[in-house]
Amino acid sequence: MTTEPLPVQNEAGVTKTPRALARARKRQSLARFWREYRTHRGGLWGLAGLVLIALIAVFAPTLVGADSQSVTDAPGGALESPSGEFPLGTDQFGRSVLALLVWGARVSLTVGLLAAFLCVAIGTVVGIVAGHFHGWYSTVLMRVTDWFLVMPTLVLAIALATVMDRSIWTVILAIGVTTWPTTARLVRAQTLAVESRPYIERARALGGGHGHIMARHVLPNVMPLVLAQTTLVISSAILTEATLAFLGLGDPTITSWGGMLQDAREAGAVSAGDWWYLAPPGIAIALVALSFTLCGRAIESVLNPKLGVAR
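So for the sequence shown, the UniProt record's numbering puts the first residue at 1; every next one is plus one.
As C-alpha cells, this is what we get:
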C-alpha cells in the first residue's frame with residue numbers, strides 16, 4: 001500500500017503537494033538561469049546563430065527543394081561562378097552550392113549532437129563510477145581513460161572509420177568512443193567533491209546503496225557541468241566529422257559540409273581558384289562551432305560564476 005505525500009503550506013498560505021512545489025522550484029530555477037544567461041552577449045549571439053541554423057536544417061526541403069541534391073537533374077553548368085540564379089555558384093555537377101550547404105546543415109548538426117551525446121554519456125558514467133568507487137575499480141577505469149586521453153583522437157577516429165562501414169553511424173560511433181576521456185576526468189573530479197559533503201554521509205548512514213547515491217545525489221549535482229561540457233563537445237564533434245568527411249571516410253551518399261570540401265578538392269577547386277565552392281562550407285563549419293562554443297561558455301559562466309567569463 002502506497003501513501004501519498006502530505007500537502008505542504010507555503011509562506012503565502014497556499015497548500016501545495018511536494019510534487020507541485022518541486023515543479024515550481026524547477027520553473028524558478030529555469031527563469032533564474034535565463035535571466036543570468038541573457039546578460040552574456042556572446043551567449044545570446046551563439047544561441048541566435050544555432051536557432052537560425054537549426055531552422056534552416058529543419059526546413060531544408062521547403063527552402064531548396066527535395067531534388068536539389070540530384071546529380072542527374074542538376075539545373076546549372078559545372079563550376080559556375082555566383083550569379084542571380086545561383087548565389088553561391090555551382091559544383092562540378094551543376095548543383096547549387098547554396099542548396100548543398102542547406103542540406104549539409106542537417107548532417108553536420110545530427111552528427112554533432114548524437115556524437116556529443118554518446119561522448120558525454122560514456123564520460124559521465126565512467127567519471128561517476130570512478131569517483132564513487134575506490135580501489136582497483138577506480139584505478140582501472142582511470143588508466144583506461146588516460147590511455148584514450150594520450151592517444152590522438154583523430155587517429156583513433158580514422159582507424160575506427162576505416163575498419164567499419166562508411167556510414168553516418170560509423171562517424172558518430174568513431175567520434176563518440178574516442179572523445180569521452182576529458183568529460184570523464186571532469187565528472188570524476190566533480191563526483192569526488194560532491195561525495196565529500198555531509199549529506200552523502202547521512203545518505204549512507206540511512207542505508208542508501210551505491211546506485212541510490214550515484215543516481216539521486218551525485219548525478220543531479222554533476223549535471224550542470226555535464227550540460228556545459230556537452231555544448232563544447234558538440235563543436236568539437238562537428239569539426240571532427242568535417243575532418244573525417246574531408247579525408248574521404250564519411251558516407252559518400254549524403255551531403256555534409258566536410259564532404260563538400262572533399263568534393264571541392266577532388267574537383268580541382270583549390271588550384272582553379274573556385275572560392276565559391278570552398279569558402280561557404282568552411283565558413284559554415286566555423287560559425288556553427290563558434291556558436292556552440294559561445295553558448296557553452298555562457299552556460300558555464302552562469303552555472304559557475306567564479307569563472308568570471310567575459311560578457
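Quick reminder that beta carbons are idealized off the backbone N, C-alpha and C, glycines included.
For residue i, which option in the options has the closest C-alpha, if you only look at C-alpha atoms?
| i | options | result |
| --- | --- | --- |
| residue 106 | 143, 118, 259 and 300 | 259 |
| residue 296 | 44, 274, 251 and 194 | 44 |
| residue 153 | 170, 143, 180 and 121 | 180 |
| residue 139 | 116, 183, 196 and 188 | 188 |
| residue 234 | 65, 294 and 250 | 294 |
| residue 197 | 217, 272 and 212 | 217 |
| residue 255 | 71, 129 and 236 | 71 |
| residue 257 | 141, 289 and 52 | 289 |
| residue 126 | 98, 142, 114 and 209 | 142 |
| residue 316 | 30, 171, 41 and 102 | The structure shown does not extend to residue 316, since the chain spans only 1 to 311, so no value can be given for it. |
| residue 229 | 46, 56 and 184 | 184 |
| residue 284 | 33, 30, 104 and 219 | 104 |
| residue 282 | 81, 47, 20 and 100 | 100 |
| residue 236 | 88, 111, 19 and 84 | 111 |
| residue 166 | 90, 238, 221 and 252 | 252 |
| residue 113 | 54, 186, 274 and 39 | 54 |
| residue 182 | 147, 57, 206 and 215 | 147 |
| residue 116 | 250, 287, 272 and 231 | 231 |
List the DSSP bridge partners of residue i.
| i | result |
| --- | --- |
| residue 96 | 90 |
Under a Cβ-count criterion, where at least 16 other Cβ atoms within 10 Å of its own Cβ denotes burial, should residue i be classed as buried or exposed?
| i | result |
| --- | --- |
| residue 292 | buried |
| residue 299 | buried |
| residue 67 | exposed |
| residue 1 | Interpretation of residue 1 is limited by its pLDDT of 43, a score under 50 that renders its predicted location unreliable; the figure taken from the coordinates is listed afterwards. Flag for residue 1 reads exposed. |
| residue 134 | exposed |
| residue 310 | Here residue 310 scores only 40 on pLDDT, less than 50, and its place in the model should not be relied on; the value that follows carries that caveat. By the 10 Å Cβ count, residue 310 comes out exposed. |
| residue 302 | buried |
| residue 86 | buried |
| residue 276 | buried |
| residue 108 | buried |
| residue 4 | Caution is warranted here: a pLDDT of 48 is assigned to residue 4, below 50, making its placement in the model unreliable, and the coordinate value is therefore given only provisionally. The residue is exposed, with fewer than 16 neighbouring Cβ atoms inside 10 Å. |
Just curious, the alpha helix (DSSP H) that residue i is in, first and last residue?
| i | result |
| --- | --- |
| residue 229 | 219-246 |
| residue 202 | 198-205 |
| residue 281 | 275-303 |
| residue 260 | 257-266 |
| residue 252 | Careful: residue 252 lies outside any alpha helix (DSSP H) and carries neither H nor E. |
| residue 70 | Looking at the DSSP string, residue 70 is not in any alpha helix (DSSP H), and its letter there is neither H nor E. |
| residue 165 | Run containing residue 165: none; DSSP gives neither H nor E here. |
| residue 134 | Note, residue 134: premise wrong, no alpha helix (DSSP H); not H, not E. |
| residue 75 | Residue 75 -> no alpha helix (DSSP H), and no H or E assigned at all. |
| residue 195 | 181-195 |
Beta-carbon of residue i versus every beta-carbon of chain D: anything under 8 Å?
| i | result |
| --- | --- |
| residue 147 | Among the protein chains of the structure shown there is no chain D, as only one such chain exists. |
* Is the segment 82-95 touching the segment 157-164, taking contact as three or more C-beta pairs under 8 Å? -> Short answer: they don't touch.
* Asked: Does the segment 167-186 touch the segment 233-253, meaning 3 or more C-beta pairs lie closer than 8 Å?
  -> yes
* To do: Check whether the segment 119-129 touches the segment 257-271, taking contact to mean three or more Cβ pairs, one atom from each stretch, closer than 8 Å.
  => no
* If we count Cβ pairs, one from each stretch, closer than 8 Å, do we get three or more for the segment 182-198 versus the segment 220-238? -> Contact holds: three or more Cβ-Cβ distances are below 8 Å.
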